[in-house]
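Remarks on the structure that follows.
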Amino acid sequence: MPTTDRKIQYRDALREAMQEEMRTDDRIFLMGEEVAEYNGAYKVSQGMLDEFGPRRIVDAPISETAFAGLGIGAAMYGLRPIIEFMSWSFCLVAADQIINNAPKMLYMSGGHFGCPIVFRGNNGAGGQLGSTHSWCVESLFSHVPGLKLAVPSTPREAKGLLKTAIREADPVFNLESERMLGMGSRGDKDFSRYLTDPSKPHAYWAPPTFEEDPDFCIPFGVANVIKEGADCTIVTAGRPVHFALEAAEELEKEGIDLEVIDVRTYRPLDIETIARSVRKTNYCVVVDQSWPFASVGSEVAAQVYERCFDDLDNTVARVHNADVPAPYNRALEQEMLPHARKIVEAVRQTTYNA
Amino acid sequence: MPTTDRKIQYRDALREAMQEEMRTDDRIFLMGEEVAEYNGAYKVSQGMLDEFGPRRIVDAPISETAFAGLGIGAAMYGLRPIIEFMSWSFCLVAADQIINNAPKMLYMSGGHFGCPIVFRGNNGAGGQLGSTHSWCVESLFSHVPGLKLAVPSTPREAKGLLKTAIREADPVFNLESERMLGMGSRGDKDFSRYLTDPSKPHAYWAPPTFEEDPDFCIPFGVANVIKEGADCTIVTAGRPVHFALEAAEELEKEGIDLEVIDVRTYRPLDIETIARSVRKTNYCVVVDQSWPFASVGSEVAAQVYERCFDDLDNTVARVHNADVPAPYNRALEQEMLPHARKIVEAVRQTTYNA
Amino acid sequence: MTTATTSAKKAKEADPDAPTDGGDVAKARPSLQLSTERKLKFLGDMMLIRRFEERTMQAYQQAKIGGFCHIYIGQEACAVGSMGALVKEDAIIGAYRDHGLALAKGMHPNYAMAEMFGKVTGCAKGKGGSMHFFDRDNHMYGGHAIVGGQCPLALGIAWGMQYQNTDNVTLCYLGDGALNQGGFLEAMNMAAIYNLPLIFVLENNGYSMGTHINRGTAMGNDLRHKAQAFGLRYAECDGQDVLATYDCFADQVAKTRNARPINYNEKTGKREDIPSYSEHGRTPGPAFVNVNTYRYQGHSMSDPQKYRTKDEVQGFQEVDCINRLVNTLIEGRLATQEQIDELDNKAKELSRDAVKFAESSPDLPLDEMYTDVYVNTFGPYKTGELPAIITNGNSGE
Amino acid sequence: MTTATTSAKKAKEADPDAPTDGGDVAKARPSLQLSTERKLKFLGDMMLIRRFEERTMQAYQQAKIGGFCHIYIGQEACAVGSMGALVKEDAIIGAYRDHGLALAKGMHPNYAMAEMFGKVTGCAKGKGGSMHFFDRDNHMYGGHAIVGGQCPLALGIAWGMQYQNTDNVTLCYLGDGALNQGGFLEAMNMAAIYNLPLIFVLENNGYSMGTHINRGTAMGNDLRHKAQAFGLRYAECDGQDVLATYDCFADQVAKTRNARPINYNEKTGKREDIPSYSEHGRTPGPAFVNVNTYRYQGHSMSDPQKYRTKDEVQGFQEVDCINRLVNTLIEGRLATQEQIDELDNKAKELSRDAVKFAESSPDLPLDEMYTDVYVNTFGPYKTGELPAIITNGNSGE
Ligand SMILES: Cc1ncc(C[n+]2csc(CCOP(=O)(O)OP(=O)(O)O)c2C)c(N)n1
Ligand SMILES: Cc1ncc(C[n+]2csc(CCOP(=O)(O)OP(=O)(O)O)c2C)c(N)n1
Ligand SMILES: [Mg+2]
Ligand SMILES: [Mg+2]
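These protein sequence lines are chains A, B, C and D, in that order. Each position in the first sequence, counted from 1, maps to that position plus 5 in the numbering used here. Each position in the second sequence, counted from 1, maps to that position plus 5 in the numbering used here. Each position in the third sequence, counted from 1, maps to that position plus 580 in the numbering used here. Each position in the fourth sequence, counted from 1, maps to that position plus 580 in the numbering used here.
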């Protein structure tokens, strides 16, 4: 895989994935609220109307059920829709279409109709939007068989996972992050010394260009050991990957060496990579930005126990979003998140360094 | 608590709970599709229109979003709505109202408006209805803070939990079971010898009448040790409680003595009772009728590991619905369920008796 | 509810574009141009649905069929008349009362019956059941069991047809109970703003389960307004008269074909103006057709039917769609009683054979549990075989 | 979009029941009966909203307010004119553009500003923010941020009013973007079949974010049909003329009060007939009122506004609701410039004080994280204190 020194934001990486795929496959179209004339509420689709025209970049009314369903029907017909939810918080009005129809069509029809569709949009809290606008849907939706679910954590991941999603034959839920859209190819902080080749941080955070690699697709179900370490395994995905790296930095000072795993996709989940790591470190902390109960965090924990029962030197610690609706107040909202300080404390406790 | 010798079906017990509460509290009304003139698609509300009249027993059009939302608004206004979903499978079109509004209203309004509402209906597969009609929603919804979630397993539980639900000041999701509506006060099989007083099986399966106990409310968050046993703890709720008792019967022949715990409510979850049992038996099998990933099953397993790490003599086994959309075919559908044979096998494996 | 006999008249009053008797005969009543062969085909198709459903009820009572089962008897003219106006590449999609829809679109009855028996030879390999028939080659996009859930999907099929610049149309069937489901109402709007080649076909049998349309649906007594609210063309027809239904759809399908985007100029690729709408809809463009019909059986196989009288049912049976076409053919000397009996015998035979086929077919093997969940499989999932209806080309084998 | 100046005329043409100039004057134009005091109250309320929102924008730019923030400037007459026709016990509920709604319903500006500052003295203790204002004592059931999500809730409030046999009405405010959301459309139907004391108030400012109403909404150019589709009364008014808006609502609210069930006879408690509906709606019964208005600011605080011209904005500012009422009062010699300046100064002062109140209030303490999740608490959850607006009786302290 070619390396690259690009400076590119998360939002641009998402756009690049869509553009590259749309240039080679006319069946792909993008539909959602304000994606065309407004150039995207968050500027993810900026310039795409100009490039692809109104046939393929399509503004939808505020009718999530109808346009999500339109996408599913179009996928059955043979097209390759990308349906943007301005935020995943707004997908709940379309829940029946996205979890009752899309993931079950192939099964229910006995193989007649697959559903190659991508639903994508912002996931997660952090912008003081209050409780109805701050959903993290990974736990809700990864519960459902028939779909695949990706949670990209950097511009590189954003491009590579979305390209895979668009080429997929199955429905994919791509959970992006409003809080990361402006995050550049270095991240907010410089974690380069943790990277495989610390002299080339961009090679790690930035995706290759089309010229460098027209098929830069990150396969689903292959976790990424983003930082190697000996003392404790952190399992996470999406924005909390950065919280985990912050925690790693903090704990380094105390001589605790974290291994940070970005699972990339919760469905399929690469439990092998996680288990291998825990067998090495003997400690595990799961960091999940959704609520604790019946969550991806409880799932990962349960599977780690099951596979590493005799290797674990302590229970698996779980760091989640607080089990409350999201408050507006900034301090409370920040405290609610599975942030670095909570991770640090969890690691200290788990590894008996508290 | 008075005992009783009544013969009463699950559906009658649900009705009795509603009737008793409605007779004493005019704020309560029942709304849903076909609940009034048709006397209930499943006859749960049979006769209630006659008794309470059309002001309080109200037929709704097939507009789940609108009538679920109506209930929430009415609860904010000060009424005590019971909203029936003919099946929980049909609640997905109303997902935004029931998980974005009902459970968050109190928090989002800073305490202005609570939401004392009961959503109830059939949950779970087993009637060859195919994949869109066979949802088990306990995992999806117990993830969400602000609501309470009950899964009654017998006529007695159905009455006692629903009465509590109706008196609750918080939103309650009551997950009933089409497959159990006709189940009598002995269950489908005679498990009386497992019961505390085997000479009075009805005292266990049937609820008291109003005369015997006008306040027969089963508190939320208190699990029920339905059968005591020494060798392995089964944790479950709802219909699979009966699968677990069947398994107990089977394993008895092999000299394995199961302890069967009905958690009754997943939110709140009585993990103490579960942990106490596991500390005694040292083995645990979780039986969950929903899909495995990010489920109530994974949550219970993770919490058991956390609390009983040093007491467990093996990993926690998990028996779930198969991780597929529900097939129509009868044999496949039966095989999909977390039935007794799967539980038996899981126990044998876990307790090293395989 | 409008009675079947007055609705055709109403339909004509209603549609300002509707051909009058004084006009071009062919345009006015396309059915007058139909060959006797086509009319006999309509009759045979309706008879097949009727006989097939009789067998279905029998098999259900014998517990050979499980789940919910919704019988199409009484509504045959709706499926056959409307699809009579389609070409094979035109698509249909509907709700759970889908047996008649699938048969009318051309599914061999063997695959339909085998599906309900849960057999691997079923159209969906026994994974879908009565409510979920699918037939890819005949462009039948499924029966769908969540009320109204098919309407957004229909948008997508019609979208695909327009996107790929075909001249096909999509017919989306729905029951009157779906009129109040948000997904349907949103879809009406979206069909209009994208001007999709789509017709919403309301199979208005007057009841959703036990609920009379006027108890659940405001303005159920005058549905034209639902179309006008979204700028869709409106038409209605007597759904117990297959020729009247055909006439209505021949007209409406022609006015829907080649519906093209209005939100931009296809040639320049640019949006030029903010569109405006008329309550009469647009031609070519989408439509909402109210087909007045009736189901003779209960809602599903377990319905005590206390919400209607026997007289009411009988009243509709007196204008039965099959009898009416038989009378027309006999009175017009277009067919002999023998020919008609032969058609009916053929329908009976096909239905009996369908049961035999279903009975003798192998059950869906248990290891199909984990197939057809994903196309790109992982973990426990496996790739499934295509159903026989596809591999055997709808040959009934 | 209908311009503000023509819509009042249109409204009259539209409503067959609408009083004509030749009729009873008081009925025709209730505003003519308004005391000067009431008119000055309208002016003062509109000024308060305007000045408050100016402070809001300032505070947002200073990053004292976070999240999404939607400014009400330009739409003041809609809130003030419509609520002018209510009594205190009548309820309102709206979307996220709720500052003006809350103030017009009587919330003291201190609690509103403090809410946006995330302070414990905020109307929702800083847990709701700009989009989620609540005021129980003033029967303000919240700002709601999921488009259309408030409409089903509004049904329930009106249901409660009818169920408890009160004579109150509920006003449900929504933006034109919500017209295409299923929940709103379902609610229209349900308001009609239960004949609820409910008015849907469309704050039709012509845009949902960057989308012109006619690009997203079929028949956006003629919204009467949306009401007719569900048998609701329809009215429209010039939402930049507070007196015209008041006139419209005085009429409509009167026609909505005491709406009673039609699906059964209240006295006998029995259903007697299958109801039918008229496209003109029912009196007393629910209504849909199209208030033509305009927002001067962008959709939220971060909107480049490329979808409209400066000229368009200016055109609407020329018929500004506050200026128009000022002119009417001055020209009619009902008030002096001094009186008007005094009102404006009062509005400025209240707004400035609100910022001071918000700034000097304590932050929401961290341990409020786990309060207000449950009334009957368990595990980590704790019982919360009521907000100051309730305990202090909306006194601004
Ligand atoms: C969203 C949803 N709610 C409820 C149901 C249960 N249900 C199945 S069919 C039906 C009645 C539908 O009647 P109609 O649309 O008129 O169709 P018909 O049965 O007359 O063909 C109902 C309420 C469902 N399947 N989906
Ligand atoms: C269901 C849903 N989809 C999308 C959004 C994002 N969104 C917030 S406001 C808005 C535009 C609404 O416009 P309108 O209803 O006209 O109200 P206005 O802003 O003009 O007051 C959109 C799309 C949302 N909040 N909820
Ligand atoms: Mg019907
Ligand atoms: Mg607007």
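Where a beta carbon is used, it is the ideal one built from N, C-alpha and C, also for glycine. Being a predicted model, the structure only gives us computed values, none of them experimental.
| Check | Outcome |
| --- | --- |
| Pair every Cβ in the stretch 965–976 of chain D with every Cβ in the stretch 690–705 of chain D, then say whether three or more of these pairs are closer than 8 Å. | yes |
| Given that a residue counts as buried once 16 or more other Cβ atoms are within 10 Å of its Cβ, and exposed if not, what is LEU946 of chain C? | exposed |
| For my contact list, GLY728 of chain D and GLY763 of chain D are in at a C-beta cut-off of 8 Å; report their separation, rounded to the angstrom. | 4 Å |
| Taking any heavy atom of ligand 3 as the mark, which residues have a C-beta closer than 6 Å to it, listed down the chain? | C:GLY755, C:ASP756, C:GLY757, C:ASN785, C:TYR787, C:SER788 |
| Which residues in chain B sit within 7 Å of LYS962 of chain C, going by Cβ to Cβ distance? | Correct list: empty, because the minimum Cβ distance to chain B is about 11 Å. |
| Interface residues of chain B around ALA306 of chain A at Cβ under 7 Å? | ALA307 |
| With distances taken between CB atoms, is the gap from PRO150 of chain A to VAL329 of chain B smaller than 8 Å? | yes |
| Using only the alpha-carbon positions, how far apart do ALA79 of chain A and PHE632 of chain D sit? | 48 Å |
| What residues from chain D crowd round ASP763 of chain C, counting only those whose CB sits closer than 7 Å? | The question names Asp, yet the displayed sequence has Gly at residue 763 of chain C. Those within 7 Å of GLY763 of chain C in chain D are GLY762. |
| Please report the straight-line C-alpha distance between LEU944 of chain C and HIS724 of chain C, rounded to a whole angstrom. | 21 Å |
| Do PHE179 of chain B and ALA155 of chain B have their C-beta atoms within less than 8 Å of each other? | Residue 179 of chain B is actually Asn in this sequence, not Phe. Against a cut-off of 8 Å, the Cβ pair of ALA155 of chain B and ASN179 of chain B comes out as a contact. |
| When you compare only the Cα positions, how much space is there between VAL246 of chain B and ARG323 of chain B? | 14 Å |
| Does DSSP put ASP293 of chain B in a helix, in a strand, or in coil? | strand |
| Taking only heavy atoms of ligand 6 into account, decide whether any of them is closer than 7 Å to the Cβ of GLN761 of chain D. | Ligands present in the displayed structure are limited to ligand 1, ligand 2, ligand 3 and ligand 4, and ligand 6 is not among them. |
| Is the shortest distance between the beta-carbon of LEU111 of chain A and the beta-carbons of chain C less than 8 Å? | yes |
| Whose C-beta lies closer than 6 Å to the C-beta of LEU186 of chain B among residues of the same chain, with five residues either side of it excluded? | TYR15, ARG16, TYR47 |
| Going along the stretch 925–958 of chain C in order, which residues come within less than 8 Å of chain B, judged by CB to CB distance? | ASP943, LEU944, LEU946, GLU948, MET949, TYR950, VAL953 |
| Within 8 Å (strictly less), CB to CB, does GLY849 of chain D reach chain B? | yes |
| Using DSSP with H/G/I as helix, E/B as strand and the rest coil, what is THR863 of chain C? | coil |
| Three-state secondary structure (DSSP) at ALA920 of chain D? | The sequence given here places Ile at residue 920 of chain D; Ala does not occur at that position. Note: ILE920 of chain D maps to helix in three-state DSSP. |
| Please tell me whether VAL4 of chain B and ILE223 of chain B are closer than 8 Å, where the distance is taken between their beta carbons. | No answer is possible for residue 4 of chain B: it lies beyond the span of chain B, which begins at 6 and ends at 359. |
| Is HIS1042 of chain D near ligand 2 - that is, is its Cβ less than 7 Å away from at least one heavy atom of it? | As shown, chain D starts at 581 and ends at 977. That puts residue 1042 of chain D outside it, with no answer to give. |
| Does the beta-carbon of LEU256 of chain A have 16 or more other beta-carbons within 10 angstroms, so that it is buried, or is it exposed? | buried |
| Does the beta-carbon distance from MET949 of chain C to PRO332 of chain B come in below 8 Å? | yes |
| Please classify SER615 of chain D as buried or exposed, where buried requires at least 16 neighbouring CB atoms within 10 angstroms. | exposed |
| Take every Cβ of the stretch 737–752 of chain D, pair it with every Cβ of the stretch 74–93 of chain B, and state whether three or more of those distances are shorter than 8 Å. | yes |
| Helix, strand or coil: how does DSSP classify GLU21 of chain B here? | helix |
| What distance in whole Å lies between the Cβ atoms of GLY234 of chain B and TYR264 of chain B, which are believed to be in contact at a cut-off of 8 Å? | In the sequence on display, residue 264 of chain B carries Glu and not Tyr. Right, their Cβ atoms sit about 4 Å apart. |
| Between the C-alpha atoms of GLY709 of chain C and GLU766 of chain D, what's the straight-line distance to the nearest angstrom? | 30 Å |
| The alpha helix (DSSP H) that contains MET768 of chain C, what's its start and end? | 762–773 |
| So does the stretch 854–871 of chain D actually touch the stretch 773–788 of chain D, counting three or more Cβ pairs closer than 8 Å? | yes |
| Need the endpoints of the beta strand (DSSP E) that HIS325 of chain B sits in, please. | 322–325 |
| Anything in chain C within Cβ reach of ALA336 of chain B, meaning under 8 Å, just list it in chain order. | GLY698, ASP943, LEU944, LEU946 |
| Can you check the stretch 114–189 of chain B for any alpha helix (DSSP H) of at least 4 residues that lies completely inside it and give the ranges in chain order? | 143–147, 160–172 |
| Do ILE122 of chain A and ligand 2 come close, with the Cβ less than 7 Å from some heavy atom? | no |
| Which residues bound the beta strand (DSSP E) around PRO233 of chain A? | The amino acid occupying residue 233 of chain A in the given sequence is Glu; Pro does not appear at that position. From DSSP, GLU233 of chain A is part of no beta strand (DSSP E); its letter is neither H nor E. |
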